[in-house]
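Asker: Residue numbers (full-length UniProt numbering): 1 to 111. Cβ coordinates follow ideal geometry from the N, Cα and C atoms, glycine included. Quantities reported herein were computed from a predicted structural model and do not represent experimental measurements.
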């Protein structure tokens, strides 16, 4: 059974997040782009996404991750993660939906 992997980090800067990605995931030269995704909408990150970062500063929302094709629920980043930035190594066969108000970062391989 596939589940998402969540790594909780103290809230940090973009530079520190990218350094962590380079060190832990060997993603090489990466960039980060932040979005405020619309609620209740199916979101498919860019194809070159290696990590999705969910900034959960307060108890204000959640993202639910699903498998493309089957729409099977794989995991959630939500209220239990309040106060952290949650790093999710990303698989391009997944999509997510947001409830509430969260900021999401895509760490992508630089082109």
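Measure how close the beta-carbons of residue 54 and residue 104 come, nearest whole angstrom, since I'm counting them as under 8 Å.
Answerer: 6 Å
Asker: For the alpha helix (DSSP H) that residue 74 lies in, which residues bound it at each end?
Answerer: Careful: residue 74 lies outside any alpha helix (DSSP H), inside the beta strand (DSSP E) at 73-77.
Asker: Is it the case that the region 22-33 contacts the region 60-67, given that we only count it when at least three CB pairs across the two stretches are under 8 Å?
Answerer: Segments in contact, no.
Asker: Considering only their Cβ atoms, is the gap separating residue 68 from residue 94 smaller than 8 Å?
Answerer: yes
Asker: Which residues share a DSSP beta bridge with residue 49?
Answerer: 108
Asker: Alpha carbon to alpha carbon, how far is residue 58 from residue 47?
Answerer: 29 Å
Asker: Give me whichever residues DSSP pairs with residue 82 in a beta bridge.
Answerer: In the DSSP output, where bridge partners are listed per residue, residue 82 has none listed.
Asker: On the criterion of 16 or more Cβ atoms from any shown chain inside 10 Å, does residue 15 qualify as buried, or is it exposed?
Answerer: exposed
Asker: Select from 110, 92, 81 the residue whose C-alpha is nearest the C-alpha of residue 8.
Answerer: Among 110, 92, 81, the Cα nearest to that of residue 8 is on 81.
Asker: Reducing DSSP to helix, strand and coil, say where residue 22 ends up.
Answerer: Reduced to three states, the DSSP call for residue 22 is helix.
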